[in-house]
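Visitor: Can you keep this structure in mind? I'll have questions shortly.
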Amino acid sequence: MKKILTLTLTALLAVGNLTAQDQSKHEFSLWGTGGLSALNYSTDVGDSKGGLGSSLGIGYSYSLTDQWSIGTGLELSFHNSKTTFDSYSDSYASNDGEYDFDFYTTVSGYEEKQNAAFLNIPVVAQFQTPVSGENKFYASGGIKIGIPVTGKYEISNTTMKNSGYYPIWDVDMY
Numbered sequence: 002m003k004k005i006l007t008l009t010l011t012a013l014l015a016v017g018n019l020t021a022q023d024q025s026k027h028e029f030s031l032w033g034t035g036g037l038s039a040l041n042y043s044t045d046v047g048d049s050k051g052g053l054g055s056s057l058g059i060g061y062s063y064s065l066t067d068q069w070s071i072g073t074g075l076e077l078s079f080h081n082s083k084t085t086f087d088s089y090s091d092s093y094a095s096n097d098g099e100y101d102f103d104f105y106t107t108v109s110g111y112e113e114k115q116n117a118a119f120l121n122i123p124v125v126a127q128f129q130t131p132v133s134g135e136n137k138f139y140a141s142g143g144i145k146i147g148i149p150v151t152g153k154y155e156i157s158n159t160t161m162k163n164s165g166y167y168p169i170w171d172v173d174m175y
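Going by this note's numbering, the first residue of the sequence shown is number 2, and it counts up by one from there.
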């Protein structure tokens, strides 16, 4: 978190230094977003849903011509997801090092919350042209590189039951 704060403060100080230059070639921006922001993963059991997320960013664009500019910046984005399922059971043959047995497991009431934050670095090309008066039409496209900053998950409300059956003795072990 200290690195992010240092990068943000450095970028803001750089903005102050750049404002003394020719304003017609330089553009600075601040933005914030919010909405559905899922971590994309799939699960064989249960439901996986995206949660609310957000991002904050600063940007800088340099005009190459009256119509074309290139830009970059820094963005901190937050993503959330949740996976739940009521019940899951499985079994398989195993060996304890001496005897064969059947292993059984049942998981119920499973709930997992995942949170992650990324430091994104966008690189964008933008085209703009006047439409009427001060209004302009613009289109932009580019790439964004995301560097993981933090990630955590929390599992709650879960009951897990394991047992084994030894056919050699006709005994269930809990």
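A virtual CB, placed ideally from N, CA and C, is assigned to each residue, including glycine. Please read these numbers as outputs of a predicted model, since none were measured by experiment.
Tell me where the beta strand (DSSP E) around LYS153 begins and ends.
Guide: Here the beta strand (DSSP E) through LYS153 covers 136–157.
Visitor: Under three-state DSSP, which class holds SER25?
Guide: The answer is coil: DSSP assigns SER25 none of H, G, I, E or B.
Visitor: Measuring only the C-alpha atoms, how far is GLY60 from PHE29?
Guide: Roughly 6 Å between the two C-alpha positions.
Visitor: Mind checking whether TYR111 and SER82 have CB atoms under 9 Å apart?
Guide: Their beta carbons are not under 9 Å apart, which means TYR111 does not touch SER82 by this criterion.
Visitor: What residue does the beta strand (DSSP E) around ILE169 start on, and which one ends it?
Guide: Per DSSP, ILE169 belongs to no beta strand (DSSP E) and is neither H nor E.
Visitor: Taking 9 Å as the cut-off, decide whether the C-beta atoms of SER88 and SER109 are in contact.
Guide: Contact: yes.
Visitor: Quick one: using the 10 Å Cβ neighbour count with 16 as the cut-off for buried, is GLY143 buried or exposed?
Guide: GLY143 should be labelled exposed.
Visitor: Going by alpha carbons, who is nearest to LEU53 out of ASP45, VAL124, SER62 and GLY36?
Guide: Among ASP45, VAL124, SER62 and GLY36, the Cα nearest to that of LEU53 is on GLY36.
Visitor: In the structure shown, what three-state DSSP assignment does ALA118 receive?
Guide: Of the three classes helix, strand and coil, the one that applies to ALA118 here is strand, per DSSP.
Visitor: At which residues does the beta strand (DSSP E) containing GLY60 begin and terminate?
Guide: Unbroken beta strand (DSSP E) run through GLY60: 48–64.
Visitor: Whole angstroms are fine: how far does the CA of GLU99 sit from the CA of ASN161?
Guide: For clarity, residue 161 is Met in the given sequence; the question names Asn instead. C-alpha separation (whole angstroms): 26 Å.
Visitor: Just grab the DSSP bridge partners of ASN96 for me.
Guide: ASP101.
Visitor: Near PRO131, what residues of its chain come up, given a Cβ to Cβ distance below 7 Å and the 5 sequence neighbours on each side ignored?
Guide: Once the five neighbours on either side are set aside, the close Cβ partners of PRO131 are LYS137.
Visitor: Does DSSP classify ASN41 as helix, strand or coil?
Guide: Note: ASN41 maps to coil in three-state DSSP.
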